[in-house]
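Okay, structure first, notes after.
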Amino acid sequence: MSEEKLHYAYYPGCSMSTSAHAYGSSIKHVNQALGLEFEEIEDWNCCGASEYISVNALPAYSLIARNLSLAAQTNTHELVAPCSMCYLNLHKVEGYMRKYPDLNEKVNQALAAGGLHYKPGTMHVRHLLDVIVEDVGYDAVAQRVTKPLYGLRVAPYYGCLITRPESEYNPEYPTHLDELMRRLGATVIDFPLKTHCCGGHMTQISEETAYELMRRILHNADEYKADLIVTLCPMCQLNLDAFQPQVNQMFGTNFHMPVLFFTQLMGLAFGFSQNQLGIGSEIVSASAALRRISEQPAEPEQRAPKKRDKNALPMPPAL
Amino acid sequence: MPEQDFNQYNPAWGDRHPVIVGFLCNWCSYRAADLAGISRFTYPATLRDIRIMCTGRLDPTFVLKALREGADGVLVMGCHPGQCHYESGNYKAMRRMALLRRTLAQLGVHPDRVQLGWASAAQGNIFTETVTRMTEAIARLGPLQWNDTINDLAPRTPALPEMEEVAHG
Amino acid sequence: MTEERVGVYVCHCGHNIAGTVDVESVSRWTADLPNVVVSRDYKFMCSSLGQELVEKDIKELGLTRVVVAACSPHMHEPTFRKACARAGLNPYLFEMANIREHASWVHPYDKDAATDKAKAEVAGAVRRVQELKPLEPFIAQIAEPTLVVGGGIAGINVALEIANAGHPVYLVEREPSIGGHMAQFDKTFPTLDCSACILTPKMFEVGNHPNVTMLTYSEVEEVKGYVGNFDVRIRKRARKVNTDLCTGCGECWSRCPAKVVDTVYEAGLGYRTAIYRPFPQAVPKYPVIDTESCIYFQKGTCKACQKFCPTGAIDFEQEDEILTIHVGNIVLATGFELFDARRIPQYGYGRLANVFSSLEFERMTNASGPTNGKVVLRDGVTEPKSVAIIHCVGSRDKNYNPHCSAICCMAALKFAHLVKEKTDAEVYDFYIDMRTISKDYEEFYDRLLNEGTHFIRGRVAEVTDAARLPGEEGKLIVQVEDTLIGKQRRIPVDMVILMSGLEPQRDAKEIAHLFGIGCSEAGFFIERHPKLDPIATMTDGIFIAGACQGAKDIPTSVAQGAAAAARVLALISQGEIEIEPIRAQIDEERCSGCRICNNLCPYSAIEYIEEKGVSRVNPALCKGCGTCVAACPSQVIEGQHFTFGSLMAQIEGVLWDRRPDGGTTVYTQAEPVAAE
Amino acid sequence: MAKPKLGIYWAASCGGCEIAVLAVHEKILDVANAFDIVFWPCVMDFKKKDVEALADGEIDVCLFNGAIRTDENEEMAHLLRRKSKVLVAYGSCAYEGCIPGLANFTDRKHMMQYIYHDAPSMDNPEGVEPQTRIPVPEGELTLPAFWNTVRALDQVVPVDYYLPGCPPEAKWTLAAVEAILSGQLPPRGSVIGLNVTVCDECPRTKSEKKIKRFYRPYEIIPDETTCLLEQGLFCAGIATRGGCGALCPQANRGCEGCYGPNEGVIDAGAKLIGALASVIDAEKPEEIDAILDTLPDPAGYFYRFSLASSLLRRTRLSQENGSPTAQPVEETPRLDPNLAI
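And the structure:
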């Protein structure tokens, strides 16, 4: 990555200073370390979250498009959102407006009422993870690691939103967060449920359903002896963290699975202090897990039979 | 399709229909056109095709000539990239057409009037779609009639619209 | 310009043309075009009577140009060129107007428009034909030897057919032994006969055939020339074994201390030594040293093989050899590559130990394979209690390959049968559509249905070891929508076999470029005609056979191989071939040496003459595409038969009704001067 | 025997050609001696009536420079054609329209609007525009009518010979004059000059070409010895008739193309498009577009001198609502990315 700063328009979304303030503050530090420059867009509004679109599409699109038109007033064409929901909504509407002229027209009529206009194609909507992986790059990240996370077994949890609807990453089984974590020195466990649903807002509608979905994820992470789950979505983090006691209660399980944001782990590896990164504000404490970080790099995770077993057949190396 | 009334797209057509000159490469698109015929696909009778060995042979002069001689559009079709019978002729055509279309835009010729497309020898359907799509695009744009532009060059009578304007200017 | 005498013939083609295009009016209208001395319409121009009509007029009316308005030139251009030639008119002074495929057949509902279009096409041809110049076709001698690239079952058959007909063949194979994928199999569907038993004799025959020069562990580096006269440069990589001395006794590899995973022949499921013979029946029998893994080549010490070789055949200093051969024809039979199932991570290959690729399983069931034919899990001992077979892995999937790999369904059925035969496991077969299209294939499917394999119709979503329900612990769970009962299902199994699709060789595009043939985006070589000529390519003298042209099974590959051989033999027995004289020519007097054209030619036919400061086209290499003609900024390159003048004239012709003067005035190059 | 009669006239042009005639230096005296100059309004006091007074075909040679932009230009063209045995289109304007021909990118309406109203330097509160006739107390004043389109001489009257160049090189002027005097005339309608391109006279070393991007002249200082085009500088030399001795390339800047297209070429722009696009080093649509973006105003480059005599001759005039107006398309067409598939 070149030394001059990478500049982006920044849409924080509602959670960044509330439920996910830890995400917000860790982002600030990581940006500083990586030379990312975020320009928060003026007077942004709600992204409509997951419900509004399903309630009444056109107003929802207009609501979202308003943010796009505001973002277009910044002096960059790259718009970054750290929250998966915000990212998906902005990305989707940007795409729809490009694709469907008459929708574009209607939405812009609505915007005109507020003296705004958005020309589809102006903004390129990105998720923070994508920016770090693509624009900064793994190597640049690795270069800045001062306290590698050796021995920390992390379950990379992407959630259901960022690889959809269309994405350059494999939507079924993305691996870019895995690689990022490896570059921090952590041991990444194979985590089949990495894109399964965290329950989303089902907690407000049917607790049983929501808790069962969470149980699967926690169980899977636990099964593979993850020290913690790393995520990139405030909603996923909130659900898996805040409702873990209820899950344990409902299923008589005893999970103690901390859930952190990937930027928090990056911050740690870059040498920032835990409270600079808002570590400690999570409900299921990560302190025990983080104490397992060792000085020595660990064996890479390979679930093939052990080499010494002379009968064992060779296993194809991971791609 | 039954006889089409192109005035529905643009009243300027009157009783004539769009005329497109097509340059088809011998190996892919010309055969695609043959296949369209063999398969009895139908498309508007707007295309008048000229066979060249490869789209790489397409001298931009031909396109200008066709427009000047009264064509409303020009369609160039070759083999898909990577499938050119001469390896890379279609890439050269792609570049020449790109530059030509930019130049024509400056001369007021809408880019949709000069199009480039691919169809393999097995794609009679794609050929048919392309001609149909392009015909509609041109029908919407209306006649090009370059001769009208040319005639404006050589006003024979002093009773020019411009000059009257001047008189009452 | 001299006054040409043009004859025009409008064909009815029965009702094919006359049913839509008013041929009489076209012909009447044409008669009034400048320089047209006769214009007739006739029921079937391609009939002998129709051809005689043309010949008669050429002789009696002294026609100097002929236009036939009928079907596609790809149909009958040769027919009428011959007719002209018989009447003493140079065949290149003939032009065809396509008013069937391009007019009557595609505009059946708009007769007037079709007729107008026909007039335009005819007018274009009439204008163009007058600009044409007489040409003489080139005659190329056909060199007798043939090059066959690829020693799989297809290539072996091509070589044998030609060699048995008594002609020399060079068989080039990249790997140390011929045999290809077929050599890896144990059984072949649907007959389940032993693959080795039927392949080995053929390998032996071709390996010892007096007319076959076998070049294994070799690759083609350069191809120059044209049909009948190809000069091919081949790199024969150093085996580090002197084949004159080696007896193939096996002492060397039994002593070799270096053990590496064999990713080629054993498909990664087994090991081989650094000096190795891919498999017991390998042809030739000689081993080869893989210098990557050889301890001596890596660390400088060892030489175990050399110490123990009874004949002193090991030669560490041996260098690659470069040979250049002259051949008349080339057959490409470079085969396929298996789709790498790791590209679909949700199926777990490379992540989950007990997920196997189809080729791995082929080796597993092979008696001479890593497990001596035992069906076991990755631990090498445990026999699976349940096996899932997943179809269309990397095939029929727009994320990877849209095409159907043709063989996987049958191979899957074969596997299901073998699992049943070798274990008492339950077999679940997940398919989208069961494609059993060839002789005895459907019968084999029926047989499997009765053997109690569970067939589940639906594309598998994921293979996971994340247990959720009771009974899933420690198993691989196949998550699938069963489209026949319309339900999501989770099926726990011990072993999963992925029926990986067939892909072109990863360097197929380079190969295509090397030999100057076309190649689809995916990388399969393009045949001259998808139906009528799936063996020849657009490049004369280069043919294709087997899976390099498209996924296909053994019988089809063998058949296509034989067909390719037949085509080559035909050319060899002709001895010579006429080549269209459509070439580019540079007027050296007027060439200013700007060198724009120099690096445009895909066949490097354009050379720059330093001392003269001009460029020159080598007609032997030029294939007449005309890209340099269009590029020349000073317009001093002329494309024969598709000359600037002829195409400009044709443009004026096809636009006869659009031009200000109704298309009557004839001017070829200069703009008309404003009338006074 | 009487001296042959010479006429020199100046239509829509900059006057450079007049000076070029004098650029034959002392030889001008030979010309003066050899010819009897009957019409040369630029240097001697001749009037139209003087020409009208001549018998048809009385002028042996008429060097006509300048393009046809007004009805006066056309009227004089017809008059001189009638009075001259040999009519020579002298210089790029008469030959192919030249710089005045660039006006064909717009039309009369837009030009008047800009020149008499919008131009920053214009102070014209009453919005006065030039009139063809205007009554004044003393009588009626007239001005030539100004047309939409500039034309080359041969688009108005038949032309016998062409002398290309902006302005023509003195040696070719002399060559022409000598040819005419000696009566050894080339075939009618031929261009007096070389029929190879500027590259032939250009001393720079040329090799195979691959253009990764184009540079504007101010962006780089080109190397003195290698082909300018290979350095990414636009040079029309490849498609321009030789004869000038490759003056511009030798001054380390690209040829602009003032000698017009090479023998047999109908449209100089088309040739430049065909050639330049061929050597652009890209196969992906977006790459191609990116490279072409570094060549702004392609039509301006390709038709700098030959727009008026190119196949299309001018920007499209559409007849919508009666009054013709030129309409360029605002947006630069981009390649469809699907072309790559």
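So the protein lines, in turn, are chains A, B, C and D. Note that this note's numbering gives residue 95 to position 95 of the first sequence, counting from 1, and the numbers run on in steps of one. Plus 1000 on top of the position in the second sequence (first one is 1) and you've got this note's numbering. Plus 2000 on top of the position in the third sequence (first one is 1) and you've got this note's numbering. Plus 3000 on top of the position in the fourth sequence (first one is 1) and you've got this note's numbering. Glycine residues also receive a C-beta, built at the ideal position from the N, C-alpha and C atoms.
Can you name the residues of chain A whose CB is closer than 9 Å to the CB of aspartate 2379 of chain C?
-> Indexing the third sequence from 1 puts residue 2379 of chain C at position 379. Pro305, Asp309, Asn311, Ala312 and Leu313, listed in chain order.
Report the neighbours of tyrosine 2349 of chain C on chain A: residues whose CB is nearer than 8 Å to its CB, in chain order.
-> Position 349 of the third sequence, counted from the first residue, corresponds to residue 2349 of chain C. Simply Pro316.
Endpoints, alpha helix (DSSP H) assigned at tryptophan 2253 of chain C | Position 253 of the third sequence, counting from 1, holds the residue named residue 2253 of chain C. Looking at the DSSP string, the run of the alpha helix (DSSP H) that includes tryptophan 2253 of chain C is 2251-2255.
Would you say the beta carbon of cysteine 236 of chain A comes nearer than 7 Å to a heavy atom of the ligand ATP?
-> You won't find the ligand ATP in this model; it holds no ligand whatsoever.
Neighbour flag for leucine 2269 of chain C against chain A, beta carbons, 8 Å = Along the third sequence, one-based indexing puts residue 2269 of chain C at 269. Judged by the 8 Å Cβ criterion, leucine 2269 of chain C is in contact with chain A.
For proline 2370 of chain C and chain A, any beta-carbon pair shorter than 8 Å?
-> Taking the first residue of the third sequence as position 1, residue 2370 of chain C is located at position 370. Judged by the 8 Å Cβ criterion, proline 2370 of chain C is in contact with chain A.
Residues of chain A with a CB under 7 Å from the CB of arginine 2468 of chain C: which are they?
-> Taking the first residue of the third sequence as 1, we reach residue 2468 of chain C at position 468. Near arginine 2468 of chain C (Cβ distances below 7 Å), the residues of chain A are Arg216.
Check each candidate in A:Ser54, A:Tyr224, A:Tyr150 and A:Leu184 and name the one with the smallest Cα separation from aspartate 139 of chain A.
-> Taking the first residue of the first sequence as position 1, residue 139 of chain A is located at position 139. Out of A:Ser54, A:Tyr224, A:Tyr150 and A:Leu184, the CA that lies nearest to the CA of aspartate 139 of chain A is found in A:Leu184.
Return helix, strand or coil for serine 2557 of chain C, following the three-state DSSP convention.
-> Numbered from its first residue, the third sequence carries residue 2557 of chain C at position 557. In the three-state DSSP reduction, serine 2557 of chain C falls in the helix class (H, G or I).
So what's leucine 1064 of chain B in DSSP terms, helix, strand or just coil?
-> Along the second sequence, read from residue 1 onward, the residue named residue 1064 of chain B stands at position 64. Correct three-state label for leucine 1064 of chain B: helix.
Can you list the residues of chain C that valine 1114 of chain B reaches, using a CB-CB cut of under 7 Å?
-> Taking the second sequence and counting its residues from 1, the one referred to as residue 1114 of chain B is at position 114. Chain-ordered listing is empty here: chain C has no CB closer than 7 Å to the CB of valine 1114 of chain B, the nearest sitting near 14 Å.
Could you confirm whether any beta carbon from chain C is found closer than 8 Å to the beta carbon of aspartate 190 of chain A?
-> As a working mapping, residue 190 of chain A is identified with position 190 in the first sequence. So yes, aspartate 190 of chain A belongs to the interface.
Mark threonine 3226 of chain D as exposed unless 16 or more other C-beta atoms lie within 10 angstroms of its C-beta, in which case mark it buried.
-> In the fourth sequence, the residue the question calls residue 3226 of chain D occupies position 226. Exposed is the label assigned to threonine 3226 of chain D, since fewer than 16 other Cβ atoms lie within 10 Å of its Cβ.
If you draw a straight line from the alpha carbon of glutamate 2055 of chain C to that of glutamate 2136 of chain C, how long is it in whole angstroms?
-> Mapped onto the third sequence, residue 2055 of chain C falls at position 55. Mapped onto the third sequence, residue 2136 of chain C falls at position 136. The alpha-carbon atoms of glutamate 2055 of chain C and glutamate 2136 of chain C are separated by roughly 20 Å.
Residues in the region 2318-2346 of chain C with C-beta within 8 Å of chain A's C-beta atoms, listed in sequence order?
-> Within the region 2318-2346 of chain C, the residues whose Cβ lies closer than 8 Å to some Cβ of chain A are Asp2340, Arg2342, Arg2343, Ile2344, Pro2345 and Gln2346, listed in chain order.
From C:Val2021, C:Val2037 and C:Asn2098, residue whose alpha carbon lies closest to that of arginine 1031 of chain B = Numbered from 1 along the second sequence, position 31 holds the residue referred to as residue 1031 of chain B. Selected option, being the one with the closest Cα: C:Asn2098.
Name the two residues that bound the continuous beta strand (DSSP E) containing tryptophan 3010 of chain D.
-> Position 10 of the fourth sequence holds residue 3010 of chain D. If you look at tryptophan 3010 of chain D, you'll find it in the beta strand (DSSP E) that goes 3005-3010.
State the Cα-Cα distance for the pair glutamate 3129 of chain D and alanine 3094 of chain D, rounded to the nearest angstrom.
-> Indexing the fourth sequence from 1 puts residue 3129 of chain D at position 129. Indexing the fourth sequence from 1 puts residue 3094 of chain D at position 94. Note on geometry: alpha-carbon atoms of glutamate 3129 of chain D and alanine 3094 of chain D lie some 27 Å from one another.
Would valine 2026 of chain C pass as a contact of histidine 2012 of chain C if the rule is Cβ separation under 8 Å?
-> Within the third sequence, residue 2026 of chain C is the residue found at index 26, counting from 1. Within the third sequence, residue 2012 of chain C is the residue found at index 12, counting from 1. Not in contact: valine 2026 of chain C and histidine 2012 of chain C (Cβ atoms no closer than 8 Å).
Assign tryptophan 1027 of chain B to one of three DSSP states: helix, strand, or coil.
-> Position 27 of the second sequence, counting from 1, holds the residue named residue 1027 of chain B. In the displayed model, tryptophan 1027 of chain B falls within coil according to three-state DSSP, outside both helix and strand.
Check glutamate 2607 of chain C in the structure and name its three-state DSSP category.
-> Numbered from 1 along the third sequence, position 607 holds the residue referred to as residue 2607 of chain C. Glutamate 2607 of chain C sits in a strand when the DSSP states are folded into three classes.
How would you list, in chain order, the residues of chain C whose beta-carbon sits under 9 Å from the beta-carbon of alanine 1033 of chain B?
-> By 1-based counting over the second sequence, the position of residue 1033 of chain B is 33. What alanine 1033 of chain B touches in chain C, judged by beta-carbon distance under 9 Å, is Ser2072, Asn2098, Glu2101, His2102 and Val2106, going in chain order.
Residue-chain proximity (glutamine 3250 of chain D, chain B), Cβ-Cβ < 8 Å | Indexing the fourth sequence from 1 puts residue 3250 of chain D at position 250. Interface criterion not met: the Cβ of glutamine 3250 of chain D is under 8 Å from no Cβ in chain B.
Taking all protein chains shown into account, do 16 or more other C-beta atoms lie within 10 angstroms of the C-beta of proline 1002 of chain B, making it buried, or fewer, making it exposed?
-> As a first step, residue 1002 of chain B is located in the second sequence; it is residue number 2 there, counting from the start. Low confidence applies to proline 1002 of chain B: its pLDDT is 48, below 50, so where it sits in the model is not reliable, and the reading given next is rough at best. Exposed is the call here.
Chain C residues whose Cβ lies nearer than 7 Å to that of cysteine 3199 of chain D = Working through the fourth sequence from its first residue, we reach residue 3199 of chain D at position 199. Within 7 Å Cβ-Cβ: Ser2592, Gly2593 and Cys2594.
If we count Cβ pairs, one from each stretch, closer than 8 Å, do we get three or more for the region 134-152 of chain A versus the region 201-212 of chain A?
-> Judged by Cβ distances under 8 Å, the region 134-152 of chain A makes no contact with the region 201-212 of chain A, as fewer than three pairs qualify.
Terminal residues of the beta strand (DSSP E) in which methionine 1077 of chain B lies = Position 77 of the second sequence, counting from 1, holds the residue named residue 1077 of chain B. In the DSSP assignment, methionine 1077 of chain B falls within the unbroken beta strand (DSSP E) covering 1073-1078.
What is the DSSP secondary structure of methionine 1163 of chain B, counted as helix, strand or coil?
-> Counting from 1 along the second sequence, the entry for residue 1163 of chain B is found at position 163. Unreliable placement is indicated for methionine 1163 of chain B, whose pLDDT of 29 sits below 50; the coordinate value is still reported in the next sentence. Correct three-state label for methionine 1163 of chain B: helix.
Contact check, arginine 2595 of chain C vs tyrosine 2603 of chain C, beta carbons under 8 Å = Within the third sequence, residue 2595 of chain C is the residue found at index 595, counting from 1. Within the third sequence, residue 2603 of chain C is the residue found at index 603, counting from 1. Not closer than 8 Å, so no.
Among residues of its own chain, excluding the 5 on either side of leucine 116 of chain A, which ones have a beta-carbon nearer than 6 Å to its beta-carbon?
-> The residue labelled residue 116 of chain A in the question sits at position 116 within the first sequence. Excluding five sequence positions before and after leucine 116 of chain A, the CB atoms of its chain that fall closer than 6 Å to its own CB belong to Ser69, given in chain order.
Specify, as a first and last residue, the run of the alpha helix (DSSP H) that arginine 2028 of chain C falls within.
-> Looking up residue 2028 of chain C in the third sequence gives position 28. Segment 2023-2031, the alpha helix (DSSP H) holding arginine 2028 of chain C.
For the beta strand (DSSP E) that contains leucine 2147 of chain C, what are its first and last residues?
-> Counting from 1 along the third sequence, the entry for residue 2147 of chain C is found at position 147. Where leucine 2147 of chain C is concerned, the enclosing beta strand (DSSP E) stretches over 2146-2149.
To the nearest angstrom, how far is it from the Cα of valine 3198 of chain D to the Cα of valine 2232 of chain C?
-> On the fourth sequence, residue 3198 of chain D is found 198 positions in, with the first residue counted as 1. On the third sequence, residue 2232 of chain C is found 232 positions in, with the first residue counted as 1. So the alpha carbons of these two residues sit roughly 41 Å apart.
Examine chain B for any beta-carbon lying closer than 8 Å to the beta-carbon of serine 3278 of chain D, and answer yes or no.
-> As a first step, residue 3278 of chain D must be located in the fourth sequence, where it is residue number 278. Proximity of serine 3278 of chain D to chain B, defined by a Cβ-Cβ separation below 8 Å, is satisfied.
Taking the beta strand (DSSP E) that histidine 117 of chain A falls in, what are its first and last residues?
-> If you number the first sequence from 1, residue 117 of chain A lands on position 117. Unbroken run through histidine 117 of chain A: none, as it is neither H nor E.
Compute the Euclidean distance between the alpha carbons of alanine 1045 of chain B and lysine 2117 of chain C, then round it to the nearest angstrom.
-> Stepping through the second sequence from its first residue, residue 1045 of chain B is reached at position 45. Stepping through the third sequence from its first residue, residue 2117 of chain C is reached at position 117. If you draw a straight line from the Cα of alanine 1045 of chain B to the Cα of lysine 2117 of chain C, it comes to about 7 Å.
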